[in-house]
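Below is one structure, written out as structure tokens, with a few remarks after it.
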Amino acid sequence: MPHTQSNSLALITACSFTVAITLASSPASAQSLSEATFNAANSCSSLSNLAIADTRIISTELIDQDSFIAPGTDNALETPAFCRLVAVTSPAVNFEVWLPLSRWNGNYQSVGNGGMAGTISYAAMANALRRGYATASTDTGHRAGPIPFDASWASDRPDLIEDFGHRALHLTTVHAKQVTESFYRSPPDYSYYVGCSKGGQQGLMEAQRYPDDFDGIVAGDPANDWTRFYAGAHLWYSLAMLADAESYIPPSKLPALGNAVNEACDALDGVRDGILQNPLACNFEPAAISCPAGTDSDSCLTPKQVSAVEKIWSGVENSKGELIYPGLVPGGEASRGSWSTWVTGNEPYQSLHWRGGEGFFRWFVFDDPDWDFRSFDFDSDLDYALEKVGAALDSNDPDLRPFRDNGGKLIVYHGWSDPDISPVASINYFESVVDVIATESGPQTALSKTQDFYRLFMVPGMAHCSGGPGPDRFDALSALENWVERGIAPQSMTASKVVDNEVIRTRPLCVHPEMATYNGSGDSDDATNFSCTAP
């Protein structure tokens, strides 16, 4: 059962506690609700009697400002006072809905998960709440295991796999909107979704499978081509270094690799700053830092280690020569939490790629606790995996026209230095959507017609969802709100790099395929000295 917290507000549910609910939305709804008051305690308590399909409401309670402590943590989250509803939808989809007691902005926001999910995204809910949203999150129908990417919960449970892949978030969204309308006596004006990684997969799945759920979606670094990603990235990168023990690259060698990449390619964009603006233009060959014959040190790569990097950057093909999933791109290898976390790990068999690939195929696909990742066949085994779980997990359908026709707007962003999910995958998906739109409008206008509802932003130097050497803080949600509610499509977003609470660099993020180009004068750490131009 989800954590239930007692607090001072919960003790006054029988008292007369009135709050004025105000909306920062349409004038009519703002006026009607700002003039009304209601007993917040009674209204929150009454939600326990709400009839929601196939759902049991576990608890409702009032949470005082800055008093909620998420399970497994010690510090209270910074939040305004809110009504908290905890519920479970059959078979085991746990979810929570948080409703601000004052200054509701009139809108609703679902937040996504990461990795194999299994937990409520409390911090993301707190972010939404601080912006005035009614918000909800789900554990997607299972509880997280003790190790990263634990997937044993999926053993012989196709129903839980369906929930994890798409059903849990959709039902949580439907139920949370019902709760929101019941609490405020008014439905939300607009509904938004925000998520990254697994959350990016969830966002694209919503746009493809449930196009009526959201008016706007922010999907970051999406693992949308899930099955191929786990085969062609998680599993392939692990095999590149672990199939032969001598191929493993210890993290102590990553500075040499990262520095060599920067030496060869950093200045290609006109600014030497440790960031590759367009990694696809980098032709660095890892053999350039090969160790002299018969030697080995942290400043060089052995022949087998060179081969491992080449495999990781190139991706893997099947026997027909078809690329299964694109590889990583040069840049950011030595940054904190990058390759040392995802690709190499602190030691062999400790990387997140290995944990993810092994767990997924062991439990989702083969349901065999003794399955050995070295046995994977990129022809027959991948076909089997796609047939068994692909339909439930893969949000790779390029036909977004139902979402577009419903008025939906989609912002996808992806870090160029992502060590987990290849940034090229997001470009490939975007281009596949353009191809579908081209069947309607023709190739000459397909790009602009696609950008009328879907804009992709590549983030130079950003690692997986955050971090990396480049600016990694930006406000995609405000850009989406302006687009959805005011019709102002984002032409760019400003990203900041913050170190010790100080902004040390800003850069514009451009609408793909445009890229930020230095104007040739002024401070290269200031976004105003860059322009978005066609490559």
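Going by our numbering, the residue at position 176 of the sequence shown is 441; the numbering climbs one at a time, nothing skipped.
Beta carbons are placed, not taken as given, at the ideal position from N, Cα and C, and that holds for glycine.
Bear in mind the structure is a predicted one, so any value in this text is a computation, not a measurement.
C-alpha gap between residue i and residue j, whole angstroms
i: I286; j: W369; result: Low confidence applies here, because I286 scores a pLDDT of 35, under 50, leaving its location unreliable and the question unanswered by this model.
i: K585; j: F643; result: 11 Å
i: V763; j: S789; result: 16 Å
i: L566; j: S517; result: 11 Å
i: P356; j: S687; result: 34 Å
i: A546; j: E528; result: 14 Å
i: G787; j: L366; result: 47 Å
i: P476; j: I334; result: 34 Å
i: M390; j: Y458; result: 11 Å
i: F549; j: I385; result: 42 Å
i: F718; j: L745; result: 11 Å
i: A760; j: T609; result: 28 Å
i: V444; j: L315; result: 8 Å
i: E623; j: N794; result: 46 Å
i: G580; j: F347; result: 47 Å
i: T325; j: L350; result: 4 Å
i: D662; j: Q473; result: 7 Å
i: L647; j: L434; result: 26 Å
i: C556; j: E575; result: 16 Å
i: W607; j: G597; result: 12 Å
i: E361; j: A399; result: 11 Å
i: G785; j: D534; result: 11 Å
i: V689; j: S310; result: 49 Å
i: N611; j: L617; result: 10 Å
i: A393; j: Q374; result: 7 Å
i: S294; j: A650; result: Its pLDDT being 39, under 50, S294 is placed unreliably in this model, and the value from its coordinates should be taken loosely. Their Cα atoms are separated by approximately 49 Å.
i: N583; j: P667; result: 33 Å
i: D637; j: L500; result: 11 Å
i: V376; j: F629; result: 24 Å
i: Q570; j: I554; result: 10 Å
i: D740; j: E750; result: 16 Å
i: S291; j: Q716; result: Because the pLDDT of S291 is 37, which lies under 50, any placement of that residue in the model is unreliable, and the question is left without a value.
i: A599; j: P487; result: 23 Å
i: Q270; j: E587; result: Here the model assigns Q270 a pLDDT of 37, short of 50, so the residue's position is not dependable, and the following value carries that caveat. Rounded to whole angstroms, Q270 to E587 spans 53 Å at the Cα level.
i: G707; j: G672; result: 21 Å
Nearest to residue i (by Cα), restricted to the options the options
i: G497; options: G621, F722 and D319; result: G621
i: C797; options: G787, E779 and S786; result: E779
i: Y455; options: P413, G371 and E652; result: G371
i: D538; options: L721, R601 and G726; result: G726
i: A416; options: L500, D404 and R627; result: R627
i: L425; options: V444, M381, F668 and T400; result: M381
i: G410; options: A419, S402 and A433; result: A419
i: Y594; options: D683, P515 and F668; result: Note on identity: in this sequence residue 594 is Val, with Tyr being the wrong assignment. Considering only alpha carbons, the answer is D683.
i: E343; options: L312, A388 and Q374; result: A388
i: G460; options: D421, T403 and T492; result: T403
i: W312; options: I328, F448, G406 and F629; result: Residue identity check: residue 312 is Leu in the sequence provided, not Trp. Closest option to L312, Cα to Cα, is F448.
i: R601; options: R751, D670 and G733; result: G733
i: R432; options: Q467, K442, V376 and K463; result: Q467
i: D378; options: F722, N359 and D561; result: According to the sequence provided, residue 378 is Asn. The question's Asp does not apply to it. Ranking the options by Cα distance to N378, first place goes to N359.
i: S645; options: R493, C530 and E767; result: R493
i: N766; options: A792, T704, L327 and R738; result: R738
i: I412; options: S572, W619 and A305; result: W619
i: K442; options: R669, A401, G464 and F429; result: A401
i: V776; options: R770, L712, R639 and F414; result: L712
i: A552; options: V526, W604, D329 and D670; result: V526
i: P851; options: A656, Y783, P708 and M758; result: Residue numbering for the chain in the displayed model covers 266 to 800; residue 851 lies beyond these limits and cannot be assessed.
Bridge-paired residues (DSSP) for residue i
i: L665; result: L665 pairs with nothing; no bridge assigned.
i: I676; result: V483 and R720
i: Q466; result: Note: Q466 sits in no beta bridge, so no partner.
i: K762; result: R770
i: F795; result: Y783
i: Q374; result: T400 and Y457
i: I328; result: F347
i: A341; result: I334
i: L566; result: S555
i: R218; result: Because residue 218 is not part of the residues shown, which for the chain are 266 to 800, the question remains open.
7 Å Cβ cutoff, residue i in contact with chain D
i: I769; result: The chain inventory of the structure shown lacks chain D, comprising one protein chain alone.
Distance between beta carbons of residue j and residue i, contact taken as under 8 Å
i: Y614; j: L507; result: 7 Å
i: R542; j: A781; result: Note that residue 542 is Gln in the sequence shown here, rather than Arg. The pair is a contact, with the Cβ atoms about 6 Å apart (cut-off 8 Å).
i: D490; j: D659; result: 6 Å
i: N693; j: P568; result: The Cβ separation is near 31 Å, so there is no contact.
i: P736; j: R772; result: 5 Å
i: F695; j: L721; result: 5 Å
i: F625; j: Y495; result: 5 Å
i: P345; j: R396; result: The Cβ separation is near 10 Å, so there is no contact.
i: V724; j: L774; result: 6 Å
For the 8 Å Cβ check, are there 3 or more pairs between the region 620-638 and the region 511-529? no
Counting pairs of Cβ atoms below 8 Å between the region 673-688 and the region 477-486, do you hit three or more? yes
Okay, do the region 343-362 and the region 309-329 touch, 3+ Cβ pairs below 8 Å being the bar? yes
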